[in-house]
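**Student:** Chains as they are written, first to last, in the numbering used here: chain A, 1 to 90; chain B, 1 to 479.
#1: Please name the residues in the stretch 3 to 28 of chain B whose beta-carbon is closer than 8 Å to at least one beta-carbon of chain A, in chain order.
#2: Flag this pair as yes or no: are the beta carbons of residue 67/B and residue 26/B separated by less than 9 Å?
#3: Which residues mark the beginning and the end of the beta strand (DSSP E) in which residue 25/A is found?
#4: Return the CA-CA distance between residue 240/B and residue 191/B, expressed in angstroms with no decimal places.
#5: Under three-state DSSP, which class holds residue 32/B?
#6: As an exercise, report each continuous alpha helix (DSSP H) stretch of at least 4 residues that is fully enclosed by the stretch 314 to 395 of chain B, in chain order.
#7: Rounding to the nearest angstrom, what Cα-Cα distance links residue 501/B and residue 84/B in this structure?
#8: Taking only beta-carbon atoms, is residue 76/B less than 9 Å away from chain A?
#9: So, for residue 185/B: in the same chain, excluding its five sequence neighbours on each side, which residues have a beta-carbon less than 6 Å away from its beta-carbon?
#10: Check distances from the C-beta atoms of the stretch 36 to 48 of chain B to those of chain A and list, in chain order, the residues that come in under 8 Å.
#11: Under the three-state reduction of DSSP, which class applies to residue 417/B: helix, strand or coil?
#12: Any beta-carbon of chain A closer than 9 Å to the one on residue 33/B?
#13: Which chain A residues sit within Cβ distance under 7 Å of residue 206/B?
#14: Could you check how far apart the C-beta atoms of residue 99/B and residue 207/B are, in whole angstroms? I think they sit under 8 Å.
#15: Is the number of C-beta pairs between the stretch 350 to 364 of chain B and the stretch 296 to 309 of chain B that are closer than 8 Å three or more?
#16: Between the stretch 27 to 41 of chain A and chain B, which residues of the former have a C-beta closer than 7 Å to a C-beta of the latter?
#17: What does the Cβ neighbour count give for residue 210/B, buried or exposed, with the cut at 16 atoms within 10 Å?
#18: Can you tell me which of 48/A, 14/A, 15/A and 38/A puts its alpha carbon nearest to the alpha carbon of residue 27/A?
#19: Is any non-hydrogen atom of the ligand NAP found closer than 8 Å to the C-beta of residue 465/B, if you look at the structure I gave you?
#20: Within this structure, are the beta carbons of residue 179/B and residue 134/B separated by less than 9 Å?
#21: Mind pulling the chain A residues with CB within less than 7 Å of residue 237/B?
#22: For residue 57/B versus residue 75/B, is the C-beta spacing smaller than 9 Å?
#23: With DSSP as the reference, please indicate the residues paired to residue 76/B in a beta bridge.
#24: Look at the alpha carbon of residue 110/B and the alpha carbon of residue 158/B, and state the distance between them as a whole number of angstroms.
#25: Can you pull the chain B residues whose beta carbon is under 9 Å from the beta carbon of residue 59/A, in chain order?
#26: If you reduce the DSSP assignment to three classes, tell me which class residue 76/A lands in.
#27: Which same chain residues, not among the five before or five after residue 198/B, have their C-beta less than 6 Å away from its C-beta?
#28: Would residue 48/B and residue 12/B qualify as a contact pair, given that the criterion is a beta-carbon distance under 9 Å?
#29: Pull up the distance between the alpha-carbon of residue 404/B and that of residue 452/B, whole angstroms please.
#30: So does the stretch 3 to 18 of chain A actually touch the stretch 53 to 73 of chain A, counting three or more Cβ pairs closer than 8 Å?
#31: Quick one: any contact between the stretch 319 to 335 of chain B and the stretch 269 to 279 of chain B, if contact means 3 or more CB pairs under 8 Å?
#32: Mapping DSSP to helix, strand and coil, what is residue 145/B?
#33: Determine whether the Cβ of residue 14/A lies closer than 9 Å to any Cβ atom of chain B.
#34: Would the stretch 16 to 23 of chain B and the stretch 36 to 45 of chain B be scored as touching if the rule is three or more Cβ pairs under 8 Å?
#35: To the nearest angstrom, how far is it from the Cα of residue 10/B to the Cα of residue 132/B?
#36: Which runs of the alpha helix (DSSP H) at least 4 residues long sit entirely within the stretch 132 to 187 of chain B? Give them in chain order.
Structure, rendered in C-alpha cells:
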C-alpha cells in the first residue's frame, strides 16, 4: 500500500467496456493491485478493476491483455513536479 | 493524472473503432484470453515504434484472425487460405518500399499453406511472417491441426492424436531453419509475462529486419486458445507455458541478422512498350484486308476439326474463324483438348454465320474435318445429312460410311510432304475444304493467315499448302 511519503510510481486505467474479463491482467500483476469486479459490465463480463493505488507502472498487465484498448498504463513523470504532494494527498 | 506520463496505451496503428459490427466497436472478435489479441498488440506496438504505419501492408489469413484488417489501420489484404506468403511475395516485389507482414495461424500456414510458406522461405523473400501456433483448428471448432501434440483429443482425433495414423506434430520453425535462405526464425510463447516480453522483442526484430532490407523473417508464437482447449484463460496460458513449450521448444533457430546483406532491389518489371520486343513480336498488327467482296450469301458453317494434338487442329480452326472475321461474319472458335501437348486427342468447334451465334458448341456439324480414324468414327454420326466430311487417309476405314454426306478422302498430311513439310497437312486439308465448299474468298483466308502465321517462312509454307489443297480437290475421286 502506498503512503503519502512515497507516492505510487505508476497507475493503470481499465476501460470496463472493452474488458472481456479473462483475468490475464490479474495474474500478470506481481503487486496484486488488479482484481476482477464482482459486478458485470454491459456485455456480461466481470471486468478487471484497479485497486486505486499501489501500481508501479511496470506495464505487464498491458502486455497480458488481449484487447487493444482495455488497459492503459501510466508512469510517474521523471522530474517531480511541484504540485505532486498535494495531488497525492488529495 | 497530470503527474503521470502515458507508458502504454492503445497503439496508434489500431483503428479508433472497429467497424465489423454495429455494437462492440472497441473490442476485437476474439474470445476472452485469446492469444491473437496479444500478438496483435505486439505487432501494432512494433509498427508504431518503427514508424512504418503508412507503408505497412498486413496480409490477413483464413482462420480466427481473418478479420485482422478490421483492427490494423495499415494497408490490408485478406487472402485465400494458406496463400498469404505467396501474396506477400507479390506485394513486396511490386512495392519494395512497403513493409509486408503475413499473419497466419497453424491451420493456414502449417496445413493448407505448407507449400507457400516453404517456398517463400526458401526464396528468402524479404517479408515478415507471424505464425500463431495454438496447436488446434480454432475457428472451425477444434479439429486436429498438424501442430496438435501427440495424444491430444480433438474432434477429429477423439481417442487422442495417434502418430501411426495422424503423424507427428509439425515443427515449422525447425523445418524452415533447415533452409539456406531465411535470415531470422524464432519461436516464442504467450505463456507468462517474461515470455510475452521476449515475444515482443522477437516481433519487433522480425519487422525491423524487413525495414533494413534483410531477407525472410518468421516468428512462431505459441498462443493460447482457451475456448477450444476448454480451459480458463489463466489455465490456457499455463498450458502454453508448461505443456506446449515441451513439444515446441522456444528459442532462436536462425539469426543471420548481423551478417545478412540487404537484398538487391528487385529488377523492375518491363514497361508495356518493351513487351513486343521481349516477345519478338512484329511492330503493330498486319492491317486486316478490307473484304473485296463482303459475304452476301447466307452462311451457316458449323465445323468440327478433330485429330491428335500436334496435327494443327486448333490452328486450322483459328484460320477459318479469322477468315470469317475478315468476311464480316459472326464467328466463334472453341478449342477442346487434353493436357498433353502432343498426341492427345484434340478438337475444336468453329462457327461462321450471318447471324449472332447463340452457342459456340458444334454438336451438329455440317463440315467435319477428321485428321485421324478415331476422330472420324467418333464424330461421323453427328454430321448433318448433306454435310461434308474431309478425312485424312487413303481410304475410308471399315464401317465408317454414310450415303447422305459427301466424303473427301485424301492423305492430306502425307501430301504435305510434297510441298516440304508434313506439319502443313492441316493447311492442305483447309485448302481442299475451301475449294470444295467455296464459302470463303481467298483474300479473307490470306489475311487471316498473315496474322496467324508465326514467321515469314510459315506464312509461305501455309500459303503454298492451301493452294496445294485446292489443287488436290480436283484430283479427288469420290467414294
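By construction, the Cβ of each residue, glycine as well, lies at the ideal position given by its N, Cα and C atoms.
**Tutor:** With the given structure in hand:
#1: 3, 4, 5, 6, 7, 8, 9, 10, 11, 14, 24, 26, 27 and 28
#2: no
#3: Residue 25/A -> not in any beta strand (DSSP E); alpha helix (DSSP H) instead, spanning 24 to 28.
#4: 5 Å
#5: coil
#6: 373 to 379
#7: With chain B running from 1 to 479 in the structure shown, residue 501/B is simply not present.
#8: no
#9: 173, 176, 177, 218, 253 and 254
#10: Answer set for the stretch 36 to 48 of chain B: 36, 37, 38, 40, 41, 42 and 44.
#11: helix
#12: yes
#13: Residues of chain A passing the Cβ test: none, with the nearest at roughly 17 Å.
#14: 7 Å
#15: Between the stretch 350 to 364 of chain B and the stretch 296 to 309 of chain B there are three or more C-beta pairs closer than 8 Å, enough to call the two in contact.
#16: 27 and 28
#17: Of the residues assessed, residue 210/B falls on the buried side of the cut-off, its CB having 16 or more other CB atoms within 10 angstroms.
#18: Minimum Cα distance to residue 27/A is reached at 48/A.
#19: You won't find the ligand NAP in this model; it holds no ligand whatsoever.
#20: No, the Cβ-Cβ distance between residue 179/B and residue 134/B is not below 9 Å.
#21: 24
#22: yes
#23: In the DSSP assignment, residue 76/B forms a beta bridge with 58/B.
#24: 21 Å
#25: 7 and 8
#26: strand
#27: 188
#28: Cβ atoms of residue 48/B and residue 12/B: closer than 9 Å.
#29: 35 Å
#30: Result yes; three or more Cβ-Cβ pairs closer than 8 Å.
#31: no
#32: coil
#33: At least 9 Å separates the CB of residue 14/A from every CB of chain B.
#34: Cβ pair count under 8 Å is below three, so no.
#35: So the two alpha carbons sit approximately 21 Å from each other.
#36: 163 to 166 and 172 to 177
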